[in-house]
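Read the structure below first, then the notes.
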Amino acid sequence: MFDENLEHRRDVIIYFNLTQTAFNRFRKNYRWIYIRSSWIEQRHYRGLLWSVPDEMLLHLATGRLVKIVDVSTHRRGKVERIFVPTLRALLEYIWLNQKRRLYCQAHLDSALAALKEDNSLKARYIFWKDLAKDLIREVNIEGLTYKVDREYTKEEIFDYFKSMSPILCIEEKQVA
């Protein structure tokens with residue numbers, strides 16, 4: 014289970030992956046990232062790399078520990094097993110000129126190919142290199158997976174978001 018005390022530690026930056034982790038965890042000050050597991054399966058790293066917030070890259074480049082929390086019906090989900098190690102290896106390669114061999118090497122190759130194909134994306138990641146190379150020796154990122162019995166449907170998740178909306182009057186379905 015997720016350690017609620019983590020969110021109060023200043024040296025740990027926590028991002029919750031939409032949509033499954035949002036259910037029953039939607040709070041005002043949480044950080045969110047949307048990493049689609051289907052994109053991990055398809056190795057669609059152009060989309061995945063654009064999904065990483067600039068703020069997260071800043072935290073990683075300055076040595077903060079970033080944890081991405083996800084939900085899965087498996088003990089370790091795709092975000093934890095594949096995306097996080099791939100992102101770490103990619104950033105260490107770009108920022109620190111370190112080559113890390115991965116069990117999911119094809120994913121790292123796809124991420125590198127995405128950067129070669131998209132100059133704007135490549136510039137976004139290279140931007141942090143001068144900061145990172147002076148401050149860090151490794152990229153501190155971890156994945157955490159909540160294991161659940163079943164995943165919520167899109168309708169259940171959206172109904173939950175609607176119930177949390179400060180401008181939507183659920184009972185009368187009117188904008189306040």
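Take the sequence shown: its letters are residues 14 to 189, numbered as in my numbering. Backbone N, C-alpha and C fix where the C-beta goes; we use that ideal spot for every residue, glycine too. None of the values given here were measured: they were computed from a predicted structure.
- In the structure shown, residue 156 falls within a strand segment according to DSSP collapsed to helix, strand and coil.
- By the criterion of a C-beta distance shorter than 8 angstroms, residue 78 is surrounded in its chain by 24, 25, 26, 153, 154 and 155, once the five residues flanking it on both sides are discounted.
- Residue 83 sits in a strand when the DSSP states are folded into three classes.
- With 16 or more other Cβ atoms from the protein chains shown falling within 10 Å of its own Cβ, residue 157 counts as buried.
- By the C-beta density criterion, residue 132 is exposed, having fewer than 16 other C-beta atoms within 10 angstroms.
- When 147, 162 and 126 are compared, the shortest CA-CA separation from residue 75 is found for 147.
- Around residue 120, the same chain offers 56, 95 and 99 as residues with beta carbons nearer than 7 angstroms, after the five sequence neighbours per side are excluded.
- Membership of residue 45 in the beta strand (DSSP E) is indicated by the continuous run 44 to 46.
- The beta carbons of residue 30 and residue 47 sit closer together than 8 angstroms.
- The three-state reading of DSSP puts residue 31 in coil, since its state is none of H, G, I, E or B.
- If you look at residue 98, you'll find it in the alpha helix (DSSP H) that goes 97 to 109.
- Here residue 85 has 158 as same chain residues with Cβ atoms under 6 angstroms from its own Cβ, once five neighbours each way along the sequence are excluded.
- In this model, residue 45 and residue 28 are separated by some 5 angstroms (Cα to Cα).
- Residue 25 is bridged by DSSP to 78.
- Within the model, the alpha-carbon separation for residue 111 versus residue 139 is close to 14 angstroms.
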